[in-house]
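Enquirer: Take the sequence shown: its position 16, counted from the start at 1, is 17 in our numbering, and no numbers get skipped. Sending over a structure as structure tokens; questions will come in a sec.
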Amino acid sequence: IAIFLLVAFVGSVVLEGTVKAACAVVRPTTAVPGPWPGGYSFPSGHSIFAASVGFAAAGLAALRNRWALTAVLLAWVVAVGVSRVYLGAHWPTDVLGAWLIAAAWAAFMLIVKRAGTRNRK
């Protein structure tokens with residue numbers, strides 16, 4: 002499970018950097034003063050990292066019928082994304098895009114994992 006979640010995170014780092022460079026969306030002016038990072042806004046790095054790991058872990062938990070854990074993980078993903086918009090570090094579309102990219106990545110990983118598990122039987 003740890004290796005699976007590490008791959009989810011590392012993959013999200015690659016995806017985030019690639020999409021950020023390709024889209025080059027400027028950050029909003031911050032609503033809350035703070036040491037905000039420079040660079041581009043889309044997709045939200047915090048959101049894509051949290052969502053990739055959170056969606057992958059939630060998928061594993063759901064496969065094992067651990068619904069309370071699944072709900073907590075999904076709530077964490079939403080909280081991270083909402084906080085990025087609330088703090089003014091990202092546009093709402095930056096977070097939504099990050100969630101969609103992360104969902105596709107996590108779904109791909111879960112499909113590959115499930116196919117690998119099926120082939121071992």
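We treat Cβ as the ideally placed atom computed from N, Cα and C, and that holds for glycine.
Do Phe5 and Ala59 have their CB atoms nearer than 8 angstroms?
Expert: No.
Enquirer: Quick one: which unbroken beta strand (DSSP E) runs of 3-plus residues sit fully inside the segment 5-29? Chain order, please.
Expert: None, since the segment 5-29 contains no complete beta strand (DSSP E) of that length.
Enquirer: From Ser53, Trp92, Val14, pick the residue whose C-alpha is nearest to that of Ala108; which is it?
Expert: That would be Ser53, whose Cα lies nearest to the Cα of Ala108.
Enquirer: Along the chain, where does the alpha helix (DSSP H) containing His47 start, and where does it finish?
Expert: His47 -> alpha helix (DSSP H) spans 46-64.
Enquirer: In whole angstroms, what separates the C-alpha of Leu111 from that of Pro44?
Expert: So the two alpha carbons sit approximately 22 angstroms from each other.
Enquirer: If the criterion is Cβ atoms closer than 8 angstroms, does the pair Val79 and Val86 meet it?
Expert: Their beta carbons are not under 8 angstroms apart, which means Val79 does not touch Val86 by this criterion.
Enquirer: When you compare the CB positions of Val81 and Ala51, do they come within less than 8 angstroms of one another, or not?
Expert: Yes, the pair counts as a contact, with Cβ atoms nearer than the cut-off.
Enquirer: Look at the Cβ atom of Val20, then the Cβ atom of Ile102, and state whether they are nearer than 8 angstroms.
Expert: Result yes, Cβ atoms of Val20 and Ile102 sit closer than 8 angstroms.
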